[in-house]
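Here the sequence shown is numbered in our numbering, starting from 67 and rising by one per residue. Note that beta-carbon positions come from the ideal geometry of N, C-alpha and C, so glycine has one too.
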Amino acid sequence: MVDGDAAPCPLARAHGLAPGLATAYRPRVPAFSRRLADEVVAVVAGFAHPTLRPVVDEAVALAVTAFVDALAGASVRTGELARHFDRLGRLEAAAGHDLDAMQAAHQVATQQGWSELRRRAAELATPPALVDRVTDVLLAYQRWLHDQAVRGYVEEQRTAAPRVATEEPRTRLFAALLAGASPTRLGALAQEAGLSWPPPGPLVAVVTETVQGAARAAQVAAVEPFREDLLAGVLRGRAVLVVAQRVAADVAAALAHRGRRPVALGWGGEPDEVPHGVRWAVRALRLVRSGVIALPPDGVVRCAEHRETLWLHADEALLEQVTSDLLAPLDVCKPAQRDALAETLLAWLQTRGSAPVLAEQLGVHHQTVRHRMRRLRDLLGEAVDDPAMASVLLPALHAERARAGARSG
C-alpha cells in the first residue's frame with residue numbers, strides 16, 4: 067500500500083508493477099543514489115553547501131528506495147517523501163537560491179533515472195510494454211517530487227518576510243552566515259546590525275550543547291563579556307557561536323568552565339567558511355561523545371588538533387563498512403576477546419611498544435600481551451606489522467573501541 071497525502075502520489079500506479087525488476091535492482095539502490103546525488107550537486111553548486119548536501123543525499127536515497135519499493139509491491143510512506151522534499155524546498159528558499167536551481171536538479175534526476183531504468187530493463191530483457199508503463203510512472207513521480215519541493219519553497223518565501231522582520235538584526239546575520247548567504251547579503255545584514263563587514267580578522271566556530279535553567283544562565287553569563295565579538299544561535303539542539311579569532315580561545319574556555327559541557331573550538335576562516343567550521347565542530351563533539359576523541363581536562367576540544375580524525379570520520383557509513391571489512395577476521399572471537407584484541411592492537415599501532423610497555427599501558431600481564439599479539443598475527447597476518455596499514459587500521463580500531471564502549475555502557 068501507499069499511504070495518503072494531500073497530493074496524490076503517482077507511486078500508487080506503480081504498486082507491484084514490476085517485482086522482478088525491483089528485486090534485481092534493489093542491491094544497486096545505494097550506489098545509484100550516491101551517484102545521482104553527486105550528479106545533482108555537480109550541476110547545482112548550491113546543493114553542495116553543508117546545510118543542503120545532507121538533505122539532498124537523504125532526499126535522493128528516500129526517493130529511489132520508495133520507487134523500487136513501489137515496483138516490488140511494498141508499502142511506501144509518501145507522506146514522509148512529501149515532507150522531506152518540502153523541507154528541501156524551504157532550505158533552498160532560506161539560502162536565497164531561486165527556483166531555477168531546483169528545476170535543474172529535477173531535470174538531472176529525471177534524465178539519470180530514465181537512463182538507469184532503460185539500462186537495467188535491457189539487462190533483464192524486460193518487455194517493452196512494461197518498460198513504457200514504468201517510465202510513465204517514473205516521469206510522473208519526478209514531477210510530483212518537484213512539486214513538493216516547489217510548494218515548500220513558495221511557503222518559506224511567503225512566511226519569511228513577516229518572520230524576518232521581527233528578528234533581531236544580529237540573529238538574522240547569524241542565520242544568513244550559517245546558510246552561506248552571499249557577501250552582499252551579509253554586508254547588508256551587518257549594516258543593519260551596526261557591525262563592520264567584512265570582519266577585520268578570521269571567524270571561528272565555537273559549539274557546545276544547549277542546556278536549560280541554571281546551566282543555560284551560566285552559559286549566557288560566560289559569553290556576555292564577549293558579546294560584541296560574537297554572533298550566537300541554536301542549530302539542531304546545539305549552541306553555536308561565531309567568534310572573532312582573537313577572542314575565540316577565551317570564549318571557549320569561559321563557556322566550558324561556566325557551562326560545564328564539552329566545547330568544540332574550530333579554526334579560523336573567512337565568512338564563507340563558517341558553515342564548514344560549524345560542521346567540523348559539531349562532528350568533534352559527536353566524536354567526543356562516542357569516545358573517539360578524548361575530552362581534555364579543560365573541557366575544550368580544539369578541532370585543529372584533530373583534523374585527521376575529523377576527516378576520517380567524515381563518512382560514518384563508509385567508515386563502518388571499512389571497519390567491518392578490516393576487522394572481520396576477529397569475528398571468530400567472543401565479544402570480550404574481540405574487544406581485548408582490538409584494544410591491544412590499537413595500543414601497539416599507537417606506540418609500537420614492547421610487551422612490558424603495552425602491559426603497563428593496558429593494565430595486564432606482559433605474557434597476556436604476547437599471547438594477544440600472537441593471536442592478532444594469526445588472524446590478521448602481515449597487516450599487524452605493515453606500517454602502510456596503520457593509517458587504515460587506526461580509525462577502524464578507534465571506531466571499534468567506540469562501539470565496545472557503547473556495548474559495555
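At a Cβ-Cβ threshold of 8 Å, residue 168 and residue 179 do not count as neighbours.
Measuring C-alpha to C-alpha distances from residue 364 to each of 85, 174, 322 and 251 identifies 322 as the nearest. The alpha-carbon separation between residue 465 and residue 389 amounts to approximately 7 Å.
Distance from the CA atom of residue 249 to the CA atom of residue 239, rounded to whole angstroms, is 11 Å.
Three or more pairs of CB atoms, one per stretch, sit closer than 8 Å, so the region 145 to 160 contacts the region 204 to 216. For residue 314, same chain residues with a beta-carbon under 7 Å away, outside a window of 5 residues either side, are 270, 272 and 331 in chain order.
Assigned with DSSP and collapsed to three states, residue 211 falls in helix. Around residue 124, the same chain offers 150 as residues with beta carbons nearer than 8 Å, after the five sequence neighbours per side are excluded. Separation of residue 101 and residue 177 (C-alpha to C-alpha, rounded to the nearest whole angstrom) is 13 Å.
When the Cα atoms are used, residue 274 and residue 206 turn out to be separated by approximately 44 Å. Of the residues assessed, residue 461 falls on the buried side of the cut-off, its CB having 16 or more other CB atoms within 10 angstroms.
Excluding five sequence positions before and after residue 311, the CB atoms of its chain that fall closer than 8 Å to its own CB belong to 267, 268, 269, 270 and 334, given in chain order. Bounds of the beta strand (DSSP E) holding residue 275 are 269 to 275. Residue pairing of residue 331 in beta bridges, as defined by DSSP: 272 and 368. Secondary-structure assignment with DSSP links residue 299 through a beta bridge to 306. Boundaries of the alpha helix (DSSP H) around residue 131: 119 to 138.
With 16 or more other Cβ atoms inside 10 Å of its own Cβ, residue 137 counts as buried. DSSP places residue 450 within a helical segment (H, G or I) once states are collapsed to three. Residue 142 sits in a strand when the DSSP states are folded into three classes.
Put simply, the backbone Cα of residue 430 is about 15 Å away from that of residue 412. In this structure, DSSP gives residue 263 a state outside helix and strand, which the three-state scheme calls coil. Between the C-alpha atoms of residue 276 and residue 342 there is a straight-line separation of about 20 Å.
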